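Engineer: Just passing along the structure, written as structure tokens.
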Amino acid sequence: MSWRKRSLSHGRQNTETLKRLSELFNVSINTLLGSPQKLICQCCGMPLEDEIIGRNQDGTLNENYCKWCYADGTYTYSDMDELIDVCVKHMVSDQFTGESLTVEQARAYMKQKLPQLDYWKRYEELSDDGQFEAFKQQLIDEINALHVEGMPELKTLNALVGSFVNLEYRLPSGQKVKFLDDGTTYLGNQLECEFGGDRCFGVLANMDFILVCTYEAEGANPELVLYKKR
Ligand SMILES: [Zn+2]
């Protein structure tokens, strides 16, 4: 074996070892290597910390994406304008950055930034021919067909991570329960009640179930309206 070949196979072993360590300790390869790269999501442009990195279907981390854009092996956005709408809302209301952006500034920034990211450059190759969009539309139709009293028509579903929407509901017995898995990405949205008031509707769904609840600002005092297996 030549020196060159040996060094190549050595490199491959290192990669395999890093992959195994990443799985074992549930941290990204970038972190194992001492964070040489500043990772950003190649779909939405968000800086990536290990806690928000997306996962492949086998549970391993995919360091190219955040878990809102790539969940369990599925790309959740196929429409750049829809993603921009979601991001702009967060950017304008983001208290963490301390910067206040106007909606127009945030939108202009994203319109210029997103086309430079790998996912949108390779969209034709990576997209699933609209299968995920079709699944979302089917869920939207099923949810609207439930005709929940006071809830307006649902138009879009966004990817939401369990830990952000895993509300604790009080049962008639007084016991408090959570229904979701903190680490899983769900599809959902928030809707204003047609009758006004300070409660709004929360909708969450995935392959297995549809959940509708109401709550006050910041998810306070949640009440379950409906939980249906699909
Ligand atoms: Zn992302």
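Here the sequence shown stands for residues 48 to 277, where the numbers follow this note's numbering. Quick reminder that beta carbons are idealized off the backbone N, C-alpha and C, glycines included. All values derive from a computational prediction rather than experimental measurement.
1. With DSSP run on the structure shown, which of helix, strand or coil describes Thr232?
2. Counting by C-beta, which residues lie closer than 6 angstroms to a heavy atom of ligand 1, in chain order?
3. With DSSP as the reference, label Ser54 as helix, strand or coil.
4. For the putative contact between Met157 and Val135, defined by C-beta atoms under 8 angstroms, what is the C-beta separation to the nearest angstrom?
5. Shorter than 8 angstroms from the beta carbon of Cys88 to some beta carbon of chain B?
6. In this structure, does DSSP put Ile257 in helix, strand or coil?
7. Is it a yes or a no for the segment 214 to 224 touching the segment 162 to 181, going by three-plus beta-carbon pairs under 8 angstroms?
8. Going by other Cβ atoms of all chains shown within 10 Å of its Cβ, with 16 needed for buried, is Gly249 buried or exposed?
9. Which runs of the beta strand (DSSP E), 3 residues or longer, sit entirely within the segment 96 to 163?
10. Taking the Cβ atom as the reference point for each residue, do Thr123 and Phe179 lie within a distance shorter than 8 angstroms?
11. In the structure shown, what three-state DSSP assignment does Ala192 receive?
12. Kindly list the residues whose CB is nearer than 6 angstroms to the CB of Asn61, restricted to its own chain and excluding five residues on each side of it in sequence; keep chain order.
13. Kindly indicate which residue of Gly120, Asn236, Asn268 has the alpha-carbon position closest to the one of Asp105.
14. Strictly by DSSP, which residues pair up with Tyr170?
15. Between Lys160 and the rest of its own chain, which residues show a CB-CB distance below 6 angstroms, the 5 nearest in sequence each way excluded?
16. Go to Gly243, then tell me how far its beta strand (DSSP E) extends in each direction, as first and last residue.
17. Taking buried to mean at least 16 other C-beta atoms within 10 Å of its own C-beta, is Tyr274 buried or exposed?
Structural biologist: If we stick to the structure as given:
1. Walking along the sequence shown from the start, residue 232 turns up at place 185. Strand, per DSSP.
2. Cys88, Cys90, Cys91, Met93, Tyr112, Cys113, Trp115, Cys116
3. Taking the sequence shown and counting its residues from 1, one reaches residue 54 at position 7. Annotation note: pLDDT 48 at Ser54 (below 50); position unreliable, coordinate value reported separately. Of the three classes helix, strand and coil, the one that applies to Ser54 here is helix, per DSSP.
4. Sequence index remark: in the sequence shown, residue 157 carries index 110 (1-based). Sequence index remark: in the sequence shown, residue 135 carries index 88 (1-based). Indeed they touch by this definition, with Cβ atoms about 6 angstroms apart.
5. Chain labels in this structure do not include chain B; a single protein chain is all it has.
6. The residue given as residue 257 occupies position 210 in the sequence shown. Three-state result, Ile257: strand.
7. no
8. Translated into positions along the sequence shown, residue 249 becomes position 202. It is buried - the Cβ of Gly249 has at least 16 other Cβ atoms within 10 Å.
9. 100 to 102, 108 to 113
10. Position 76 of the sequence shown, counted from the start, is the residue given in the question as residue 123. Position 132 of the sequence shown, counted from the start, is the residue given in the question as residue 179. In contact: Thr123 and Phe179 (Cβ atoms closer than 8 angstroms).
11. Numbered from 1 along the sequence shown, position 145 holds the residue referred to as residue 192. Ala192 falls in the coil class under three-state DSSP.
12. Start at 1 with the first residue of the sequence shown, and residue 61 comes out as number 14. Result list for Asn61: empty, nothing under 6 angstroms.
13. If you number the sequence shown from 1, residue 105 lands on position 58. The candidate whose alpha carbon is nearest that of Asp105 is Gly120.
14. Counting from 1 along the sequence shown, the entry for residue 170 is found at position 123. DSSP output for Tyr170 lists no bridge partner at all.
15. Taking the first residue of the sequence shown as 1, we reach residue 160 at position 113. If we look at Lys160 and ignore the five residues flanking it on each side, its Cβ neighbours are Gly92.
16. One-based indexing of the sequence shown puts residue 243 at position 196. Counting along the chain, Gly243 falls outside any beta strand (DSSP E), and DSSP gives it neither H nor E.
17. As a working mapping, residue 274 is identified with position 227 in the sequence shown. Under this definition Tyr274 is an exposed residue.
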